[in-house]
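K.L.:
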Ligand code: UDP
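Numbering (the working numbering), first residue to last: 5 to 406.
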C-alpha cells in the first residue's frame, strides 16, 4: 500500500498538495464502488489503486463485487459485446437472469453510503432494489457510441434512475440520455507492481520463468482473449512482419472472472498460429502475473493494441509509461493517448498490412522507437497517472455535493 507522498517524485509536490486541499470538504464521506470482478481487465486494475488512495487521503471508500453464476457472466459478456456494436439474441430469460444477480446482491448487502459508484453494465440494475438516499453514479468504461438498440433501450430503464453517467471519452456521450454526463479519463498507477521500475535482472528472471526467450525482438499484445482485442488479427499482422524480420510474438491475456469467452478465443488463436506460422515463435500466456506484464512491456521492441473497439485501453497507457513504441488501432480511447507519429502509430484496425509496415518501420529504426517512447512517457506523466484520476474524482464529488 502506498502513501500519497510516495508519488511526489513522479508527479511533483504541487499535485500532492492540491489533492490535500481538495479533499478537505470530503473527509469521512463514505463511498462504495461496485463492479463484477476483482481481477483481469481495466476496471479491477483502477479500483485496486484508487480505492486505497481515497482511503489514505481521508475518504471512507469501499469496493464490492457483484457475484454472479456462469450463466450471468455469459449473458453480461453478450451484453458487453452488444453494447460495443455487436449483435445479441435478446430474450426475457436473459433479462431475468441479468436482473437476478443484482437482486441477490441486495439481499445480503446494505448500502448506506454517501455516494454509490456502479462500474459498467453488470451491476446496473442494483439501483432498482435499494431505497435511494444518495447520489448514484454510473461509471461506464466501454465505448458506448454504437450500442445494440433494443439492449440500450432496456438498460435505460436503470440508467435513467442514476444521477450522473461518466464516460472515458467525449465521443461516448449520448444525446438520447437525459442524465448528466461527464468525462473522466482512466489512469494507471506508476507505483503498482505492473508499472513500477524493475531491474534488468528481474525482467530476465520473469521472462525466463514464463518461457519467453529474448534472442529475437519481441512484439507483444497484452489483452484479454476477447474478439474485440482481435488477437487473431494480431497473428495475421505478425505473419507479415515475420516475412521481413525474424522476431517473436507474445500474446498475454489472463482470464478475467467475468469473461467466459476467453478460453474459446485462446484456443482459436493457438490453432491459427500453428497453421499460419508453424513454429515456436508465437507464445501465448494466460497466467495472471503483474510483474510478468511489467517485464514484457519493458522488454518488447514493439507493443501492439489491435483492438476493434477499446473503451480506453489501459494497456496502451502502461506501455507508453514504459517508454515503448506502440502501434495501435485508431479506435475508442486509444487516440486520446497516442498522437500518430509522435508517441506511436495509429492504424485503422482492418489494415493488417499497415500494422505490419509500422512494426517493421520501428524494428528497423531504433532512434524512432526511442523518441516515440520518450514522448509517450511524458504524455502519460502529464495526463494519465492515478493522481490525476484522484483529483478528477475529488472535483466530481464536490460538484455533486454542491
Ligand atoms: N491485463 C493483465 N494481464 C493480462 C491482460 C491484461 O494484467 O494478461 C491488464 C492490463 O495490464 C490492463 C488491464 O488488464 O491493466 C486491461 O485494461 P484495458 O483498459 O486495456 O482493457 P479491458 O480489459 O478493460 O477491456
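All C-beta atoms, glycine included, are put in the ideal place defined by N, C-alpha and C.
Could you spell out where the beta strand (DSSP E) holding residue 222 opens and where it closes?
P.N.:
222-226 is the extent of the beta strand (DSSP E) around residue 222.
K.L.:
Can you tell me which of the three DSSP states residue 66 falls into?
P.N.:
strand
K.L.:
Identify, in the order they occur along the chain, each residue of the same chain with its Cβ nearer than 7 Å to the Cβ of residue 149, setting aside the five sequence neighbours on each side.
P.N.:
175 and 176
K.L.:
Under 8 Å, do residue 316 and residue 84 count as touching if we go by C-beta distance?
P.N.:
no
K.L.:
Under the rule that 16 or more other beta-carbon atoms within 10 Å means buried, what is residue 30, buried or exposed?
P.N.:
buried
K.L.:
State buried or exposed for residue 378, treating a residue as buried only when at least 16 other CB atoms are found within 10 Å of its CB.
P.N.:
exposed
K.L.:
Compare the beta carbon distance of residue 35 and residue 117 with 8 Å and say whether it is the shorter of the two.
P.N.:
Yes, the Cβ-Cβ distance between residue 35 and residue 117 is below 8 Å.
K.L.:
Figure out for me which residue from 11, 25 and 200 has the closest Cα to the Cα of residue 299.
P.N.:
200
K.L.:
Count the other CB atoms within 10 Å of the CB of residue 223; is the residue buried (16 or more) or exposed (fewer)?
P.N.:
The residue is buried, with at least 16 neighbouring Cβ atoms inside 10 Å.
K.L.:
Once the 5 residues before and after residue 124 are set aside, which same chain residues still bring their CB inside 8 Å of it?
P.N.:
39, 40, 47, 84, 143, 144, 145 and 146
K.L.:
Quick check: the Cα distance between residue 266 and residue 17, rounded to an integer number of angstroms?
P.N.:
42 Å
K.L.:
When you measure from the CB of residue 258 to every non-hydrogen atom of ligand 1, does any distance come out below 7 Å?
P.N.:
yes
K.L.:
CA-CA distance, residue 307 and residue 253?
P.N.:
10 Å
K.L.:
Out of curiosity, what's the CA-to-CA distance linking residue 202 and residue 152?
P.N.:
43 Å
K.L.:
Spatial neighbours of residue 225 within its chain, please: C-beta separation below 6 Å, excluding the five flanking residues on both sides.
P.N.:
238, 255 and 308
K.L.:
Can you grab the Cα-Cα spacing for the pair residue 170 / residue 164, in whole Å?
P.N.:
13 Å
K.L.:
Out of 137, 303 and 157, which one is the CA nearest neighbour of residue 209?
P.N.:
303
K.L.:
At what residues does the beta strand (DSSP E) containing residue 40 begin and finish?
P.N.:
Here residue 40 belongs to no beta strand (DSSP E), and DSSP marks it neither H nor E.
K.L.:
Residue 252 bridges to which residues according to DSSP?
P.N.:
222
K.L.:
Return the Cβ separation of residue 133 and residue 107 in integer angstroms, given the expectation that the two are a contact with Cβ distance under 8 Å.
P.N.:
6 Å
K.L.:
If you draw a straight line from the alpha carbon of residue 92 to that of residue 273, how long is it in whole angstroms?
P.N.:
23 Å
K.L.:
Taking the C-alpha atoms as reference points, what is the distance between residue 336 and residue 89?
P.N.:
12 Å
K.L.:
Who are the near neighbours of residue 401 in its chain, counting only those whose CB is closer than 6 Å to its CB and skipping five residues on each side?
P.N.:
The residues are 30.
K.L.:
Rounded to the nearest angstrom, how far is the Cβ of residue 381 from that of residue 327, given a contact under 8 Å?
P.N.:
Residue 381 to residue 327, Cβ: 5 Å. Contact.
K.L.:
If you drop the 5 nearest sequence neighbours on each side, which residues of the same chain put their C-beta closer than 8 Å to that of residue 368?
P.N.:
Hits under 8 Å: 249.
K.L.:
Could you compute how far the alpha carbon of residue 4 sits from the alpha carbon of residue 244?
P.N.:
Past the edges of the chain, shown from 5 to 406, lies residue 4, and the structure says nothing about it.
K.L.:
Within the continuous alpha helix (DSSP H) that includes residue 71, where are the two ends?
P.N.:
It is not in any alpha helix (DSSP H) - residue 71 carries neither H nor E in the DSSP assignment.
K.L.:
Between which two residues does the alpha helix (DSSP H) carrying residue 107 extend?
P.N.:
Here the alpha helix (DSSP H) through residue 107 covers 96-112.
K.L.:
Provide the residue span of the beta strand (DSSP E) that contains residue 301, from first to last.
P.N.:
It is not in any beta strand (DSSP E) - residue 301 instead sits in the alpha helix (DSSP H) that spans 294-303.
K.L.:
Here's the rule I'm using: 16 or more other beta-carbon atoms within 10 Å means buried, otherwise exposed. How should residue 297 be labelled?
P.N.:
buried
K.L.:
Cβ of residue 334 within 8 Å of Cβ of residue 324?
P.N.:
no
K.L.:
Residue 18 lies in the alpha helix (DSSP H); which residues open and close that run?
P.N.:
17-26
K.L.:
Identify which residue in 230, 275 and 110 has its Cα closest to the Cα of residue 284.
P.N.:
275
K.L.:
Of the residues 356, 320 and 355, which one's Cα is nearest the Cα of residue 339?
P.N.:
320
K.L.:
Taking the straight line between their C-alpha atoms, what separation do you get for residue 101 and residue 75?
P.N.:
Linking residue 101 to residue 75 through their CA atoms gives a straight-line distance of about 8 Å.
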